[in-house]
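Following: one structure in structure tokens, then a few remarks.
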């Protein structure tokens, strides 16, 4: 698919690695009741995900200005974070205090926001041709 | 002297504005002539525009990617002198039709006798 660009793939790889590392430290912190590890890993994960989204998103726009109001990167983040979280706990890598239902609820609530974002994406598509902004196609 | 400086500044300012939006036309003209790879497109534009249009390779690559994305041009891979295969770009049927209609609507009008007289092109 033409909208799967090299920079989206690089972001996907980065997000996957960051999420696995985050999941490891989160489960370790919960298992051993280390609040500081839970806090640091969550804040670091949030900042690094934001930074990588910012960096690869900018590069992606320079490569091909796809007019999707950030939806492709949001969808990728959603699938990776929730996919890895559900697998992590489902396969038994989580701590004994973690509950699969919490991860399912996160995916559902986040999914509602993703759906709202999708509506904005559909609205933005009205101003695009092949997902490129009409105003930004020709030079 | 002062007037010459002002004229030159005004000319440069007008040309800078005028050139914005010209790159697409020059790329299409280059490909209308024959299939070309990036360096050839760049050379065509710089030579045929008498150096008035300069395009950086990055801008050219970005523009070509966009036009490929909207299906107005595509490419054949051919072996280069060294390194990876070269992409020889050419206009698709959609691109050709787009170019024809753009020229008909926006370029041909400059060739009417009336406009040529206003531009004093017949005197030169």
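Chains as they are written, first to last, in this note's numbering: chain F, 162 to 300; chain Z, 7 to 130.
Glycine is no exception: its CB is placed at the ideal position from the N, C-alpha and C atoms.
Predicted model, so just to flag it, every value in this text is computed and none were measured.
Check, Outcome
"Residue 76 of chain Z beta carbon less than 8 Å from that of residue 262 of chain F", "no"
"Beta carbon proximity, residue 89 of chain Z to chain F, threshold 8 Å", "no"
"Beta carbon proximity, residue 27 of chain Z to chain F, threshold 8 Å", "yes"
"From Z/7, Z/97, Z/105 and Z/117, residue whose alpha carbon lies closest to that of residue 71 of chain Z", "Z/97"
"CB contact below 8 Å: residue 288 of chain F versus chain Z", "no"
"Euclidean distance between Cα positions of residue 103 of chain Z and residue 232 of chain F", "33 Å"
"The region 56-72 of chain Z touching the region 37-45 of chain Z, judged by at least three CB pairs closer than 8 Å", "yes"
"Option nearest residue 80 of chain Z by Cα separation, candidates Z/108, Z/22 and Z/93", "Z/93"
"Buried versus exposed call for residue 37 of chain Z [16 or more other C-beta atoms within 10 Å across all chains shown]", "buried"
"Range of the contiguous alpha helix (DSSP H) that encloses residue 219 of chain F", "196-224"
"Rounded distance between the beta-carbons of residue 238 of chain F and residue 210 of chain F, thought under 8 Å", "7 Å"
"Exposed unless 16 or more other CB atoms sit within 10 angstroms - verdict on residue 95 of chain Z", "buried"
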